[in-house]
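Chains as they are written, first to last, in this note's numbering: chain A, 1 to 207; chain B, 1001 to 1125. From the three backbone atoms N, C-alpha and C, an ideal C-beta is built for every residue, glycine too.
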Amino acid sequence: MSVKAILGTKIGMTQIFTDEGTVVPVTVISAGPCTVISKGEKNVQVGYREIRPEAVKRLLNRPERMAFEKAGVKPFRYVRSLPADELDSIETQSEINVAMFKEGDKVSVTGTSKGKGFSGVMRRHNFAGQQITHGQTDRSRAVGSIGTATDMARVIKGKKMPGQYGNVKRTVRGLQVVKVDEEKNLLLVRGSIPGAKNGLVVIKHQA
Amino acid sequence: MNPIIESIERNYQKNLKDVPKFGPGDTVRLEIKVREGEKERLQAFEGVVISRSHSGLKENFTVRKISYGVGVERKFMLHSPNIASITVVRRGKVARAKLYYLRDRVGKKTRVKDKIFFKDESAKS
């Protein structure tokens, strides 16, 4: 295979039976087909999820539309760069699909994790909080001490504190492809993947 | 449920027409495939169904029996290929969906009343 990854949408999780009767937890991903728009040195630019003709004018400005037109492809909602090799064998405007994966392959899946907003340290960093007895008030979920006093006179960089939790790019590696459905463009991957349902994910071959 | 997930799950489901209808209170006899090294054999498990939950591919049920004086409960996936057969031995008359109260009972109190069916009026008398 020449293109080593594909774009997809997380559908959700379920479980299936193996022939031996064991239950396997799987995430269903609707992956591809993606169209190759252009080629780089070690990667290709692909488009995923076509935009309906009547929505093109609303979603894309003129330069964006022209870029698709010049490449001779339909306008796409998502355009991403994916790793590839043997670039001579890939043609622009050609399609890539889930056939690049087979059962048992190891893949990594990248997505945007579910956003949990501005969270305190108990939720974000699994701090223990403080006691609610011994006369303490309103301190049960507090951070506590964040360092030394005058001896250091500053807080160490990277100190775990409250803040935005989730909604960041996350990659899960070493997931196993359980099933490939070329007809319906579906991938079943063992275990969970980052992000909410209908979120964009990148599924990459793991060397 | 998402229609795509539903269509995937359908591939692994048994035809519900092939599975006898049973519910909590019924006594069932299961034949379970057991793998011992290379060989495969069937093992029987008979007891009272005390709960049945979920739907679709995830549907499962719990069977309770008293084995050598010890209460044994096993939970089975209805659509598991490891279940070779299910036969209903006795229908029970119960007033609960979950018969967890049987766990606290011993001896005669663990019995579940039989459900009586009337095929026609003549059988009633």
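Minimum Cβ-Cβ distance from residue i to chain B less than 8 Å
{"i": "Phe17(A)", "result": "yes"}
{"i": "Gly21(A)", "result": "yes"}
{"i": "Ser192(A)", "result": "no"}
{"i": "Ile11(A)", "result": "yes"}
{"i": "Thr14(A)", "result": "yes"}
{"i": "Val28(A)", "result": "yes"}
{"i": "Leu200(A)", "result": "no"}
Chain A within 8 Å of residue i, Cβ atoms only
{"i": "Lys1058(B)", "result": "yes"}
{"i": "His1054(B)", "result": "no"}
{"i": "Lys1014(B)", "result": "no"}
{"i": "Ile1004(B)", "result": "yes"}
{"i": "Glu1040(B)", "result": "no"}
{"i": "Ser1080(B)", "result": "yes"}
{"i": "Ile1008(B)", "result": "yes"}
{"i": "Lys1033(B)", "result": "yes"}
{"i": "Arg1105(B)", "result": "no"}
CB contact flag (residue i, residue j, <8 Å)
{"i": "Lys1033(B)", "j": "Ala1095(B)", "result": "no"}
{"i": "Ile193(A)", "j": "Val109(A)", "result": "yes"}
{"i": "Val3(A)", "j": "Ile146(A)", "result": "no"}
{"i": "Arg190(A)", "j": "Pro25(A)", "result": "yes"}
{"i": "Gln1013(B)", "j": "His1054(B)", "result": "no"}
{"i": "Phe76(A)", "j": "Tyr48(A)", "result": "yes"}
{"i": "Gly40(A)", "j": "Ile96(A)", "result": "no"}
{"i": "Val46(A)", "j": "Leu87(A)", "result": "no"}
{"i": "Thr112(A)", "j": "Gly199(A)", "result": "yes"}
{"i": "Gln206(A)", "j": "Val107(A)", "result": "yes"}
{"i": "Val36(A)", "j": "Gln93(A)", "result": "yes"}
{"i": "Glu1031(B)", "j": "Val1089(B)", "result": "no"}
{"i": "Lys157(A)", "j": "Glu103(A)", "result": "no"}
{"i": "Gly166(A)", "j": "Gly115(A)", "result": "yes"}
{"i": "Ser30(A)", "j": "Leu186(A)", "result": "yes"}
{"i": "Lys42(A)", "j": "Ala84(A)", "result": "yes"}
{"i": "Lys1075(B)", "j": "Pro1024(B)", "result": "no"}
{"i": "Asn163(A)", "j": "Phe127(A)", "result": "Going by the sequence as given, residue 163(A) is Gly instead of Asn. Not a contact, by the Cβ cut-off of 8 Å."}
{"i": "Lys70(A)", "j": "Glu50(A)", "result": "no"}
{"i": "Val23(A)", "j": "Met1077(B)", "result": "yes"}
{"i": "Tyr1100(B)", "j": "Ile1066(B)", "result": "no"}
{"i": "Phe101(A)", "j": "Val177(A)", "result": "yes"}
The beta strand (DSSP E) enclosing residue i, as first and last residue numbers
{"i": "His205(A)", "result": "200 to 205"}
{"i": "Glu103(A)", "result": "Element bounds for Glu103(A): n/a, residue is neither H nor E."}
{"i": "Lys1039(B)", "result": "1039 to 1053"}
{"i": "Pro63(A)", "result": "Careful: Pro63(A) lies outside any beta strand (DSSP E), inside the alpha helix (DSSP H) at 62 to 71."}
{"i": "Leu1030(B)", "result": "1027 to 1036"}
{"i": "Tyr78(A)", "result": "76 to 83"}
{"i": "Asn1060(B)", "result": "1060 to 1067"}
{"i": "Arg1074(B)", "result": "1070 to 1077"}
{"i": "Val1088(B)", "result": "1083 to 1090"}
Bounding residues of the alpha helix (DSSP H) (the contiguous stretch that carries residue i)
{"i": "Ile1004(B)", "result": "1003 to 1010"}
Cβ-Cβ separation, residue j to residue i (assumed contact under 8 Å), whole Å
{"i": "Arg1029(B)", "j": "Thr1087(B)", "result": "5 Å"}
{"i": "Leu82(A)", "j": "Val121(A)", "result": "Wrong, their Cβ atoms sit about 38 Å apart, outside the cutoff."}
{"i": "Val28(A)", "j": "Ile1005(B)", "result": "6 Å"}
{"i": "Pro1063(B)", "j": "Val1048(B)", "result": "Contrary to the premise, residue 1063(B) reads as Val rather than Pro in this sequence. Contact holds; Cβ gap of about 7 Å."}
{"i": "Lys169(A)", "j": "His125(A)", "result": "Not really, about 19 Å apart at Cβ, beyond 8 Å."}
{"i": "Asn1082(B)", "j": "Gly21(A)", "result": "4 Å"}
{"i": "Ala142(A)", "j": "Gln130(A)", "result": "6 Å"}
{"i": "Arg1091(B)", "j": "Asp1026(B)", "result": "5 Å"}
{"i": "Leu1042(B)", "j": "Glu1009(B)", "result": "At roughly 26 Å, the Cβ-Cβ gap does not stay under 8 Å, so Leu1042(B) and Glu1009(B) are not in contact."}
Query raised in the report: Which ranges does the alpha helix (DSSP H) cover as unbroken runs of at least 4 residues, wholly within the segment 18 to 59 of chain A, from first to last along the chain?
Result: The qualifying runs are 53 to 59.
Query raised in the report: Which ranges would you report for the beta strand (DSSP E) in the segment 121 to 200 of chain A if only whole runs of at least 3 residues count?
Result: Secondary structure in the segment 121 to 200 of chain A: the beta strand (DSSP E) runs of 3 residues or longer, each lying completely within the stretch, are 169 to 181, 186 to 190 in chain order.
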